[in-house]
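Chemist: 29 is the number of the first residue of the sequence shown in the working numbering; add one for each residue after it. Take this structure, written in C-alpha cells, and hold onto it; I'll ask about it next.
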Amino acid sequence: MSTYLVTGGAGFIGSHLCDRLLAEGKQVVAVDSLSVGRIANLAEARGYGQQFTFYTMDVRAEGIRTIFERHQPEVVMHLAAQISVPRSVAEPQFDASVNVLGLLNVLDAAVAVGTRKVVFAASAALYGEPRTFPVKETSRKGSHPASPYGISKKVAEDYLHFYRRARKLDYAALALANVYGPRQDTIGEAGVIAAFISKMLAGESPTIYGTGEQTRDFVFVDDAVHAFAVAASRAPGAFLNIGTGIQNDVSTVFKLLAKFTGFKGEPIYGPPRAGDLVRHYLDVELAAKELGWEPWTSLEEGLKVTVDSFRTG
Ligand SMILES: NC(=O)c1ccc[n+]([C@@H]2O[C@H](COP(=O)([O-])OP(=O)(O)OC[C@H]3O[C@@H](n4cnc5c(N)ncnc54)[C@H](O)[C@@H]3O)[C@@H](O)[C@H]2O)c1
Numbered sequence: 029m030s031t032y033l034v035t036g037g038a039g040f041i042g043s044h045l046c047d048r049l050l051a052e053g054k055q056v057v058a059v060d061s062l063s064v065g066r067i068a069n070l071a072e073a074r075g076y077g078q079q080f081t082f083y084t085m086d087v088r089a090e091g092i093r094t095i096f097e098r099h100q101p102e103v104v105m106h107l108a109a110q111i112s113v114p115r116s117v118a119e120p121q122f123d124a125s126v127n128v129l130g131l132l133n134v135l136d137a138a139v140a141v142g143t144r145k146v147v148f149a150a151s152a153a154l155y156g157e158p159r160t161f162p163v164k165e166t167s168r169k170g171s172h173p174a175s176p177y178g179i180s181k182k183v184a185e186d187y188l189h190f191y192r193r194a195r196k197l198d199y200a201a202l203a204l205a206n207v208y209g210p211r212q213d214t215i216g217e218a219g220v221i222a223a224f225i226s227k228m229l230a231g232e233s234p235t236i237y238g239t240g241e242q243t244r245d246f247v248f249v250d251d252a253v254h255a256f257a258v259a260a261s262r263a264p265g266a267f268l269n270i271g272t273g274i275q276n277d278v279s280t281v282f283k284l285l286a287k288f289t290g291f292k293g294e295p296i297y298g299p300p301r302a303g304d305l306v307r308h309y310l311d312v313e314l315a316a317k318e319l320g321w322e323p324w325t326s327l328e329e330g331l332k333v334t335v336d337s338f339r340t341g
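So, in C-alpha cells, the structure goes:
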C-alpha cells in the first residue's frame, strides 16, 4: 500500500485530504504542529485505525527526517503553512521561517528517502494585483505579491523547480483560489464564509468590509482536495490554478448564506481593508487539461453543505 504524507493534516484542507486519501485505500501519515489545526478535524481519519498515523510536529523540526525515514512516503502533500496574510505583513521573518524553511526541511527529508512527488499548496495570493481576468498561470511571471505570505508562496515554486532538476524530486504546485467548506476557520483566505456563517448562526450581523461588490473565486474544499489527489500521479513539474473560473461578489455570498442560515438581519458595513483587491478569479483551463480536473460543486450547493456542517458541528 503506498504511503502519502500530508503536512498540515489537522488543518481545514489537509484533514479533508487525509479523509479522501484514506477512502482511496492509501496509508496516510499526517503531520501538524496544531498551531491552527485541530485533532477534532481528524475524527473521521482516526476511524481508519492503523491505516492512519498522526504526529504533532513542526515542519521546521529535525524530527521530520525521522518521520520520513520511518514511513518512506511515496508522495508528500505539503499544506502546512503560516496562512494569515496580516501576520505575514507584521512578521515577515516568521512567515518565511514556516513557509520557506519549513518547505525546504520537508523537501530535504523527501529527497533523503526517495519520495517520488510533492504536491504543494500554493496560493492565488502570489499573483499580486493582476491586470487581466480571469488570472492565468502566466500572470505569475513578474508579479509582485502584496504580502510576505504571497511572496513565500511564489518563491516556493522556484525551490520546487530546483529540487526537481537537481534532486530528481517531482512536484506539482496548485495555486488555490478561496477554498471554503466544513471545518474552516475564520483566519484563512476564504475565512469570510466561515466568519459570516458563525455570526449568522449566532444571530449577529456579519461585517462586510467595503461595498460588498468585491469578487472572489470561491472553490469548495472537496473539489480542491480532488485536485491534490489527482496531481499525485499527473502533471509532472506543473504549476496549476485551482478555482472555479467564476467570480462571485461578497454581497451574493451574504445573501445565499442568509437564506441557508435563516438570518434575517442586515450586514454591518466597515471600511475596505488595506490591500483588498476589487476582484479576483482564476482561469482553470490548464488544470482541466493537465489533471482532467474540474470543479463540480456549485456555490449554492457548497454553501448549503457548509452551513449544515457548522450547524451540526
Ligand atoms: N483556505 C484557502 O482558501 C487557501 C487558499 C490558498 C492557499 N491555501 C493554502 O492551503 C494550505 C492549507 O490551508 P488551510 O486553509 O487548510 O489552512 P489551515 O491553517 O487550516 O491549515 C494549515 C495547517 O498547517 C499547520 N501548521 C502551521 N504551521 C505549521 C508548522 N510550522 N508545522 C506544522 N504544521 C503547521 C496548522 O496547524 C494548520 O493545521 C496552506 O498552505 C495555505 O496557504 C489555502
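We put the beta carbon where it would ideally sit given N, CA and C, even for glycine. Keep in mind it's a predicted model, so treat the numbers as computed, not measured.
So, helix, strand or coil for isoleucine 270, using DSSP?
Modeler: As a working note, residue 270 is residue 242 in the sequence shown. Note: isoleucine 270 maps to strand in three-state DSSP.
Chemist: By the DSSP assignment, the beta strand (DSSP E) with leucine 204 in it spans what residues?
Modeler: Taking the sequence shown and counting its residues from 1, the one referred to as residue 204 is at position 176. Element bounds for leucine 204: 198 to 204.
Chemist: Below 8 Å, can you find three or more Cβ-Cβ pairs linking the stretch 141 to 148 to the stretch 280 to 295?
Modeler: Because the criterion of three Cβ pairs below 8 Å is not met, the stretch 141 to 148 and the stretch 280 to 295 do not touch.
Chemist: For leucine 310, write down the residues that DSSP places opposite it in a beta bridge.
Modeler: One-based indexing of the sequence shown puts residue 310 at position 282. According to DSSP, leucine 310 bridges with Val163.
Chemist: Please determine if the stretch 91 to 111 and the stretch 121 to 134 are in contact, where contact requires at least 3 C-beta pairs separated by less than 8 Å.
Modeler: Counting Cβ pairs under 8 Å, three or more are found: they touch.
Chemist: Kindly identify the DSSP beta-bridge partner or partners of leucine 284.
Modeler: Here residue 284 refers to the residue found at position 256 when the sequence shown is read from its first residue. Looking at the DSSP assignment, leucine 284 forms no beta bridge with any residue, so it has no partner.
Chemist: Can you round the beta-carbon distance between tyrosine 32 and methionine 105 to whole angstroms, since I take them to be within the 8 Å contact cut?
Modeler: Residue mapping note: residue 32 aligns to position 4 of the sequence shown, counting from 1. Residue mapping note: residue 105 aligns to position 77 of the sequence shown, counting from 1. Between methionine 105 and tyrosine 32 the Cβ distance is about 6 Å, and since that is below 8 Å, they are a contact.
Chemist: Name the residue from Phe224, Asp245, Leu45 whose alpha carbon lies nearest to the alpha carbon of tyrosine 237.
Modeler: Taking the sequence shown and counting its residues from 1, one reaches residue 237 at position 209. Cα-wise, what sits closest to tyrosine 237 is Phe224.
Chemist: Is the stretch 152 to 164 touching the stretch 174 to 183, taking contact as three or more C-beta pairs under 8 Å?
Modeler: At 8 Å Cβ cutoff, the stretches touch.
Chemist: Taking the C-alpha atoms as reference points, what is the distance between arginine 339 and arginine 192?
Modeler: Counting from 1 along the sequence shown, the entry for residue 339 is found at position 311. Counting from 1 along the sequence shown, the entry for residue 192 is found at position 164. If you take the alpha carbons of arginine 339 and arginine 192, they lie about 44 Å apart.
Chemist: Bridge partners of tyrosine 237, per DSSP?
Modeler: Translated into the one-based positions of the sequence shown, residue 237 becomes position 209. DSSP output for tyrosine 237 lists Gly298 as bridge partner(s).
Chemist: Let me confirm a value: alanine 118 is counted as buried when at least 16 other C-beta atoms fall within 10 Å, else exposed. Which label applies?
Modeler: In the sequence shown, residue 118 corresponds to position 90, counting from 1. Exposed, since its Cβ has fewer than 16 Cβ neighbours within 10 Å.
Chemist: What is the residue span of the alpha helix (DSSP H) that methionine 29 lies within?
Modeler: On the sequence shown, position 1 is the one that residue 29 refers to. First-last for methionine 29: undefined, no H or E at that position.
Chemist: With a threshold of 6 Å on Cβ separation, who are the neighbours of glycine 265 within its own chain once the five nearest residues in sequence on each side are excluded?
Modeler: Stepping through the sequence shown from its first residue, residue 265 is reached at position 237. Once the five neighbours on either side are set aside, the close Cβ partners of glycine 265 are Arg192.
Chemist: Can you give me the start and stop residues for the beta strand (DSSP E) that histidine 44 sits inside?
Modeler: For the purposes of this step, residue 44 is identified with residue 16 of the sequence shown, where counting begins at 1. Note, histidine 44: premise wrong, no beta strand (DSSP E); alpha helix (DSSP H) at 40 to 51.
Chemist: When you measure from the CB of asparagine 269 to every non-hydrogen atom of ligand 1, does any distance come out below 6 Å?
Modeler: Position 241 of the sequence shown, counting from 1, holds the residue named residue 269. False, no ligand heavy atom lies under 6 Å from that Cβ.
Chemist: For a test of your reading of the model: does the CB of leucine 331 fall under 6 Å from any non-hydrogen atom of ligand 1? Yes or no.
Modeler: Position 303 of the sequence shown, counting from 1, holds the residue named residue 331. Answer for leucine 331: no, Cβ out of range of ligand 1.
Chemist: How should threonine 239 be labelled, buried or exposed, when 16 other C-beta atoms within 10 angstroms of its C-beta is the threshold for buried?
Modeler: By one-based count along the sequence shown, residue 239 stands at place 211. Classification of threonine 239: exposed, given that the 10 Å Cβ count is below 16.
Chemist: Rounded C-beta distance between valine 87 and asparagine 133? I'm assuming under 8 Å.
Modeler: As a first step, residue 87 must be located in the sequence shown, where it is residue number 59. As a first step, residue 133 must be located in the sequence shown, where it is residue number 105. Sure, about 6 Å apart at Cβ, within 8 Å.
Chemist: What is the C-beta distance between alanine 9 and alanine 200, in whole angstroms, given that I count them as a contact (C-beta under 8 Å)?
Modeler: In the structure as shown, the chain begins at 29 and stops at 341. Residue 9 is therefore absent and cannot be evaluated.
Chemist: State yes or no: is the C-beta of phenylalanine 80 nearer than 6 Å to some heavy atom of ligand 1?
Modeler: Stepping through the sequence shown from its first residue, residue 80 is reached at position 52. Answer for phenylalanine 80: no, Cβ out of range of ligand 1.
Chemist: Hey, would you say arginine 168 sits closer than 7 Å to asparagine 69, going by beta carbons?
Modeler: Position 140 of the sequence shown holds residue 168. Position 41 of the sequence shown holds residue 69. Their beta carbons are not under 7 Å apart, which means arginine 168 does not touch asparagine 69 by this criterion.
Chemist: Pull up the distance between the alpha-carbon of serine 30 and that of glycine 231, whole angstroms please.
Modeler: In the sequence shown, counting from the first residue as 1, residue 30 sits at position 2. In the sequence shown, counting from the first residue as 1, residue 231 sits at position 203. For serine 30 and glycine 231, the distance between alpha carbons rounds to 47 Å.
Chemist: Short of 7 Å in beta carbon distance, which residues of its chain neighbour aspartate 311, apart from the five on each side in sequence? Order them along the chain.
Modeler: Your numbering for residue 311 matches position 283 in the sequence shown. Excluding residues within five positions, the ones whose Cβ falls inside 7 Å are Pro162, Val163, Lys164, Asn269, Gly273.
Chemist: Roughly how far, in whole angstroms, is the beta-carbon of valine 56 from the beta-carbon of phenylalanine 80, given that I think they are within contact range, below 8 Å?
Modeler: Indexing the sequence shown from 1 puts residue 56 at position 28. Indexing the sequence shown from 1 puts residue 80 at position 52. That belief holds up - the Cβ atoms of valine 56 and phenylalanine 80 are roughly 5 Å apart, short of 8 Å.
Chemist: Does aspartate 251 pass the burial test, meaning 16 or more other C-beta atoms within 10 Å, or should it be called exposed?
Modeler: Start at 1 with the first residue of the sequence shown, and residue 251 comes out as number 223. Aspartate 251 should be labelled buried.
Chemist: Given a threshold of 16 other Cβ atoms within 10 Å of its Cβ, counted over all protein chains shown, does glutamine 357 qualify as buried or as exposed?
Modeler: Nothing can be reported for residue 357: it is not among the residues displayed for the chain, which extend from 29 to 341.
Chemist: Ignoring anything shorter than 4 residues or poking outside the stretch 93 to 120, list the alpha helix (DSSP H) runs there in chain order.
Modeler: Correct list: 113 to 118.
Chemist: From which residue to which residue does the beta strand (DSSP E) around threonine 84 run?
Modeler: Position 56 of the sequence shown, counted from the start, is the residue given in the question as residue 84. Its beta strand (DSSP E) spans residues 80 to 84.
Chemist: Go through its chain and collect everything with a Cβ distance to glutamate 318's Cβ below 7 Å, but skip five positions before and after it.
Modeler: Reading the sequence shown from its first residue, position 290 is the one you call residue 318. These residues qualify, in order along the chain: Arg262, Ala263, Ala266, Leu268.
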